[in-house]
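Chains as they are written, first to last, in the working numbering: chain H, 288 to 630; chain W, 288 to 630; chain C, 288 to 630; chain D, 288 to 630. First the structure, in the form of C-alpha cells, and then the observations on it.
Protein chains: 4
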Amino acid sequence: MDKPNRLTNKINVGVIGLGRMGKIHLKNLMQAITHANVVAVADPVYPEEQFRKEYGDLLFVKDVIELITSPDVDAIIIATPTSTHAALVEQCIDNDKSVFCEKPLDLSLEITKTLLQKAENLGVPLMIGFNRRFDRDFMEARKAVSEGKIGNPQIVKITNRDPSLPSIEFVKTSGGMFMDFTIHDFDMARYMMDKEVVEVYAKGLVFFDEEMAKVGDVDTALTTLTFADGTYAVLDNSRKAVFGYDQRLEIFGDKGMIQVENNLANRNVLYNENGIHQALPLNSFTQRYIDSYCKEMEAFIGALLNKTPVPIKNEDIIMATLLAYAAKKSMDEQRPVKIAEMK
Amino acid sequence: MDKPNRLTNKINVGVIGLGRMGKIHLKNLMQAITHANVVAVADPVYPEEQFRKEYGDLLFVKDVIELITSPDVDAIIIATPTSTHAALVEQCIDNDKSVFCEKPLDLSLEITKTLLQKAENLGVPLMIGFNRRFDRDFMEARKAVSEGKIGNPQIVKITNRDPSLPSIEFVKTSGGMFMDFTIHDFDMARYMMDKEVVEVYAKGLVFFDEEMAKVGDVDTALTTLTFADGTYAVLDNSRKAVFGYDQRLEIFGDKGMIQVENNLANRNVLYNENGIHQALPLNSFTQRYIDSYCKEMEAFIGALLNKTPVPIKNEDIIMATLLAYAAKKSMDEQRPVKIAEMK
Amino acid sequence: MDKPNRLTNKINVGVIGLGRMGKIHLKNLMQAITHANVVAVADPVYPEEQFRKEYGDLLFVKDVIELITSPDVDAIIIATPTSTHAALVEQCIDNDKSVFCEKPLDLSLEITKTLLQKAENLGVPLMIGFNRRFDRDFMEARKAVSEGKIGNPQIVKITNRDPSLPSIEFVKTSGGMFMDFTIHDFDMARYMMDKEVVEVYAKGLVFFDEEMAKVGDVDTALTTLTFADGTYAVLDNSRKAVFGYDQRLEIFGDKGMIQVENNLANRNVLYNENGIHQALPLNSFTQRYIDSYCKEMEAFIGALLNKTPVPIKNEDIIMATLLAYAAKKSMDEQRPVKIAEMK
Amino acid sequence: MDKPNRLTNKINVGVIGLGRMGKIHLKNLMQAITHANVVAVADPVYPEEQFRKEYGDLLFVKDVIELITSPDVDAIIIATPTSTHAALVEQCIDNDKSVFCEKPLDLSLEITKTLLQKAENLGVPLMIGFNRRFDRDFMEARKAVSEGKIGNPQIVKITNRDPSLPSIEFVKTSGGMFMDFTIHDFDMARYMMDKEVVEVYAKGLVFFDEEMAKVGDVDTALTTLTFADGTYAVLDNSRKAVFGYDQRLEIFGDKGMIQVENNLANRNVLYNENGIHQALPLNSFTQRYIDSYCKEMEAFIGALLNKTPVPIKNEDIIMATLLAYAAKKSMDEQRPVKIAEMK
C-alpha cells in the first residue's frame, strides 16, 4: 500500500466492506471518532470511481489481504457478508490486527468459540457488533437496573419487530430467525438481567409469508428464557410490523419497572374528530439505532487506545450464539431445551 | 307538604329543578351522599307521572315555595335557569334554609353581592356551584401547588373548550361568553394561583358562527389576567373543539410545573400503518366532571353537618363575577381593565 | 320470608354473601341497574344490626336456603367463599333460580363441568363472573379486534400484577396462582384472540415470599399459550408490583396493534428538576375495575330479562378452568402440556 | 489568502466567528452538507494553535476582511457577537458575498431594514438564522397546518423557556428579552399561522433575579399577538425552567389541533412506589435544535446552488424585529400596541 497518514495518539483503522453498515462505520470513524484515523478501505467489488466521488483521496484497495497485512493499520472493521467473517477475522488475528466484526461472528458455534479463544490466547482484541448495547435508551435502562432502581429483576420482555419482510434471498443465507434476528435479543436479555440463562423454550411460526417455510425459516417467533435463579425473559419477534420498527423493552423487578419505549418519527400530536394521533416509530435500524453505531465504535477505539478489554466479552458472544442454537433446537423438537444440554 | 322521613345526623334536602343538573344532584344526594336525606323535589313543569316512574314515591311538589317554606327541609339545592336563581336564593335565605345554587348566582354583580352579604349577615350558608374545584385532577393539582411542589407559581394557563356550539337561544340568555363560560376559568385561575387579580385583558372573536355576533356574543375568547405580584393567567376559550371537550390546565412556577391533561374516553392505543391513535377526550361536562358534582355536594352537606363554612367563599363568587364583567368591558373597550376600576 | 316488593318488568334478585364483592354487586343492583329489584340479602354471619344501619329495611335473612327457595326471587347472586360456590349453585339450579356466581365456579374441573351441564340441561341461566370482559377498555380493544382493526391477531400479551401479596391464609384455599389469579388471563386471552388454545407452557416462581412455597404455591408466573393456528399468548403474572395494580394488554396482528394501558390515579403530570412524574395506576381491582362489575351485572340482568343466553358461555368457563389445570400440570412437570392431554 | 481548494458544483464558504454557533455551523458545513466547501475560517481572537489541533490544515485567518474580500469565497457565515453583525453583513454585501447571519441582524430596526433592502437591491442573498423553522417537529407541524389538517388556525400558543438564567453581562448587550429571546417566537407564530400580526400586548416581569431589573430587563414575559383576522398567538417566555429547556407549541383550528411536545433526554419510563417517571427535556438549544442548524444551513447552501430565494424572506426578518420593538413599547407603556403605530 501507499504510505497513509500515520498519526500518534490515534488508532489507525482499515474498513473492509462498503455495504450499508460499512459506510455507517466509515462515516463515524472519519467524522465523529476523534481518536480514529481511517487509513484505508478495502472492498473487492465496490467501483473505484464511485469511491473517489464519495471519499475523495482516501486510500482504497480491492485486495482485503493488502489491508489486513499493512503495517500502517492497527485495527480492522469487518462489515462484509456473514459468510466471510470467520476467515477475515482469523487473518486479522494472525496479522495481529485488532478486529471489530459485525454480528454474527459465524453461524457455527464451534468456529465462533475457536476464533474467540484464539484471539484471546494471542491477546488480539476482538469485538462483535452488538450495537444495541450502545443505544442511549437501552444504556440508560441498563444503568438504572445496575443502580438498583428496580431491585432484583424478575422478568425482561423484549419486543423486536422489523418493519417489513426481508427478501427470501437474504433469508436463505441469514442463519435463520434466531441466529440473524433474535440474536440481538438473546444478548439484550442477558445484558439487562445480568444473569445467566439455563433454559430456552422457543416457538416459531410462518405468519406472513409461506415462502419462509419453503426455505426452512419462520417470520415470527416467541422465545422464553429462564435464568439460573428462575427469573425470565420473553422475546417477541416478528419480521413485519405494519406500523414500523417496533423496538421496546420492559424490565420488572421487586422495586419497580423500566420501560424503553419506541422512538417516534416526531414528537407531534394531532387531534381531530377521529382521535388523537402520533407519528409512527422511526422506520428502520439505520434511523432508530444510528447513534448506537457511533457509540459502539467509539467504545471499540477507546478500548484499543486505553488498552482495556473491549466492552463485549467473549462469553457474551458465545452465549448469544449458543442461545440461537438452543432456540432453534427447542423450536424443532417442540420442547424446552436446557443450556446444559448444549455444551 | 306531607310528613317526610326526618332523620337525625342527616341534612334534609330539597331539590328545585329537574333539568340535567338537578337530576345529577338528586342522584348523588340519594345514592352517594350518606349524610343527605332527600325529602322532596320541586319543579313547576316536570310531569308528575314521569317523576313517579323515575323516583317512585319520593315527595314531589309543583310549588317551589311549598318546598322552601317546609319545616322538614334544612337545605335547598337550586338547579333552575339562571334568571330564577336570585329570587329563589333570597327566599331560601328569608326562610333560613341553607342553599346550594348552580353558577352564576346572578348576571348582575350588584345582586350577587347583595345576596351574598345578606346570607352572611343572617348566617345562612350559601354555596355557588364551582364544581371544577372538586374535580379529582384539579384538586390534586391545587394540593401540589399548596404543598410547594412547583414553588411560587408564575403563570397558569387554562384551556377550556366545549365540544360544540350551544344553541343561539341559550346564548341569548346565557350572560355571554365571559359570564357563562369563562367564569369557570376566572374561578379556577384564582383557585390555582391563590393570588388576587389586578388587571384583565380580554379579546373575543366570532370564529365559528356569525349568529353569535347577531346576538352580541362571541364564540372564542382569549383572556389575560395579571395578579397583584405581576404573575399571569391565560384563559383560552372556544365554544367548539371538533375533537371534543378540551379541559386542560398548566401551572408553572420557579420550582416546577404541573399539567392537568384531558381525560380520554379510554386508555387504549391503536397502532396501524397510518400512525399511533388514541381515543378522544370525554365528550361533555357530564362525562368529564361527573365525579366532581358528587364531591361538590358532599362538601356542601359536610359543611352543613359540621357547621363549618361552605368551601367556596363569598369573595370567590364576587371575584369570578366581577372578572366576567371586567373581561367584557376590556373586550368592548379594547384595552386592559384594572380591577380597581370595577369597584 | 316476608313478602318483598315484587315488580313487573324487573328481575327480582337475591344476593348471597356480604363480603367485598357482595356489597359491590348489591350496590350496583340497588342503584344503577334499572331492571333489577333486590328483594333480599342472605348472609349467615353478617351482623343484622350492621345490615340495618347500612341497608335500612331491605329484607335480610341468615338462612341462604330460605332465599334460594323463595318464590319471590328470580335470580341469585353468589358472592361467598369459593368453597361454597358449587353447593349453592346446585341448589339454585334445583330451585330454578337463575344464578350469577363469582369465579371460579369450583376448583374441580369435573364439578365445574357437571354443574354447567346440569344448568344447561335444565335451562337455568348460569353466569360466572369474568368481570374484565366488561371493562370499558378491554371491551373497546375486543371490539377493535373484531372489526379487523389489527387484522389477524398473532400474539396477545397480558400483564396482570397485584399491588401486594395476599395473606397466606387466603393463598391456602385460593386454588393457587393459576386457578385464582391467572384464570382471568386465560379467559381474557381467549376472549381477545377468539381462537382456541392447544398448548400451555407455564413456569412459576417464588420470588417475593418463601411462605408461598411452604403452602405449595408461587407468587410469580409466566405462561405461554399456543392457539390452534400457531399464534400465541403470553401471560405475565406477579402477586406484587410496588407501583400498584398493573393491568395491561397488548395484541399484535398483521394490520396493527392495540394496547390497553394502565388507568392512572389522575391525569396530572409534574415536572421538576428530577424528572417528569405521573401518578401510579389505580391501586386495586375495586378501583380499576369498579365499572366493569356494574356492566357485568347489567349484562346478566339484561340476558334474563330478554331471555337471551348469558354473555359468557359454558365453554368459556370450562376452558378457563381447564387452562388453569393445564398450567399447573405444565409447571409441575416442567414441560409444555397439550390441551388434548387434558380432556 | 493562500489558494484554497476550489471545487465546481460546490458553494465555497467562509465562516466568521468560532464561538459556539460558529463551530456548529463549521462542523455541519464540513461534514454533512455535501455541496458546501469550507475554504477558510476567520476569527480575530481564536488561538491559532487551538485551531490547528481542532481543524488540521484548514485555512485560518485573523483578519475577517481578508476572508470577506477573498475571490475564493462565495458565501460567508457570520456567527459573531450581535454588535458586529451589521458592519460585517454590509461588507459582505459590498463584496458581493452571499451571507448567512445569526439572528438578530441588528438591534436597530432601521439598520435591519436598510441592510435587507441593500442586499435585495444588489441581488445579494442574505439569510438570517431563524433555525427553529428548520426543526423537524416544527416543520412537520407547519406542514400539517398548510395541508389543512387543523382547518383555519384560531390560536397558536408557544412555550419557550430556557433552562437557566443568562449572565447579567450577556443580558446587558442582548437587546433585552423581546429582541434576544421572544424574537424566535414572533417568527414562529407568524410562520405557523401564516397570517399577519396587527397588535401586540406584552407584559414583562422580574420573577427570578432582581439583577435583571437593574439592567433594565425582565426574565419573564407574556405576549399576546392579534392577527389581522382577529385570531391570536400567546407567547409564554421564561429565562429559567428548573426542569430544563421547555420548547412546546400548540396550534388550534376549526378542524383540529397540533401539539409539538418537548423532546426528552430518553424514551424510558421508570415505575416505582413513588410514581411513574420520565426523563427531563433535552437541556439546551444545542441538544434540542442541533439538527435544525444543519437543515437551516443546507437550505441556505441549497438556495445559493439553485439560485432560488433564501427560505426566509426580508419581511420575516423585519416583522420579527418590529414585533420585538412593539412588545417592548407595549410593556413599557402598559397598553396594547398596534403594528400600524410602528411603521
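Every residue, glycine too, gets a C-beta built ideally from N, C-alpha and C.
Cβ-based burial, residue i [other Cβ within 10 Å; buried from 16]
i, result
"C/T511", "buried"
"C/G491", "buried"
"D/E486", "buried"
"W/Q441", "buried"
"W/F572", "buried"
"W/V404", "The sequence given here has Gln at residue 404 of chain W, not Val. It is exposed - the Cβ of W/Q404 has fewer than 16 other Cβ atoms within 10 Å."
"D/L409", "exposed"
"H/V502", "exposed"
"H/D506", "buried"
Any chain D beta carbon closer than 8 Å to residue i
i, result
"W/Q441", "yes"
"C/A627", "no"
"C/S337", "Inspection of the sequence shows that residue 337 of chain C is occupied by Gln rather than by Ser. No, C/Q337 lies away from the interface with chain D (no Cβ there is under 8 Å from its Cβ)."
"H/Y344", "Note on residue identity: the sequence assigns Asp, not Tyr, to residue 344 of chain H. No, because no Cβ of chain D sits closer than 8 Å to the Cβ of H/D344."
"H/Q318", "yes"
"H/R419", "no"
"H/R423", "yes"
Chain C within 8 Å of residue i, Cβ atoms only
i, result
"H/L394", "no"
"H/L591", "no"
"W/D449", "no"
"H/V502", "no"
"H/A495", "Note that residue 495 of chain H corresponds to Phe in the displayed sequence, not to Ala. Yes, because at least one Cβ of chain C sits closer than 8 Å to the Cβ of H/F495."
Beta-carbon gap between residue i and residue j smaller than 8 Å
i, j, result
"C/L394", "C/I415", "no"
"C/A374", "C/V348", "no"
"W/I363", "W/V332", "no"
"D/A613", "D/D474", "no"
Within chain W, the residues that residue i reaches when beta carbons sit closer than 8 Å
i, result
"C/E548", "R554, N555 and V556"
"D/F530", "G543 and M544"
Cβ of residue i within 8 Å of any chain W Cβ
i, result
"D/S525", "yes"
"D/R622", "yes"
"D/T518", "yes"
"D/F387", "no"
Backbone secondary structure at residue i - three-state DSSP
i, result
"D/Y576", "coil"
"W/E486", "strand"
"W/A362", "strand"
"H/F425", "helix"
"H/K297", "coil"
"C/T321", "coil"
"C/K430", "helix"
"H/V302", "strand"
"C/L610", "helix"
Under 7 Å by beta carbon: chain C residues contacting residue i
i, result
"W/G543", "L557, Y558 and N559"
Within chain D, partners of residue i - CB distance below 9 Å
i, result
"H/K436", "L557 and N559"
Contact set between residue i and chain H, taken where Cβ atoms lie within less than 7 Å
i, result
"C/T513", "K490"
"W/Q565", "G562 and I563"
Chain D contact residues for residue i, given Cβ-Cβ distances below 7 Å
i, result
"H/A428", "N555"
"H/A431", "L557"
Residues that residue i contacts on chain W, provided the C-beta gap is smaller than 9 Å
i, result
"D/V521", "K444, L509, T511, V521 and D523"
Amino acids of chain D, ordered along the chain, whose beta-carbon sits closer than 8 Å to that of residue i
i, result
"W/F473", "What W/F473 touches in chain D: nothing, since even the nearest Cβ is about 17 Å away."
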